[in-house]
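S.K.: Just dropping this structure here.
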Amino acid sequence: MLIKIEDIEFDPKDIMQLYPAAVIKTGDGDETTQVSMQWIENEGKGKVDLVGYGIFVHLGEDDVHEFMYDTKEEMDAVSAKIAEQIKNRRDGR
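Numbering (our numbering), first residue to last: 11 to 103.
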């Protein structure tokens, strides 16, 4: 079974990393970086320029798919769909 995120399907055996992150500006022009959800919620609120939220899928060192969302709620909804697909795959559905 493949895992679908938006319009792209991934074979779970090809996924090296799959994680959510907040994306913030670094302060160097338009450059951005990822920070953990825990950091943005506990340390970064109001202290950094938040660009959005993302789900990142690493298939290899130079093969990264980024799915960006304006709100945490949007990202959480997609994350829940991914979790459901993984659960269904594990349960043989």
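Backbone N, C-alpha and C define an ideal beta-carbon position, used for all residues, glycine too.
From a predicted model like this one, the values you see are computed outputs, not experimental measurements.
Decide if A32 is buried, meaning its Cβ has at least 16 other Cβ atoms within 10 Å, or exposed.
M.R.: Buried: at least 16 other Cβ atoms inside 10 Å.
S.K.: Quick check on M11: does DSSP put it in helix, strand or coil?
M.R.: M11: coil per DSSP, three-state reduction.
S.K.: Quick one: what's got a C-beta closer than 6 Å to I13's C-beta in the same chain, skipping five residues either side?
M.R.: Only F20, P22, Q95 meet the Cβ criterion.
S.K.: Would you mind stating whether T42 and V61 have Cβ atoms separated by less than 8 Å?
M.R.: Yes, Cβ-Cβ distance for T42 and V61 is below 8 Å.
S.K.: When DSSP labels each residue in this structure, what does K82 get in the three-state scheme?
M.R.: Three-state result, K82: helix.
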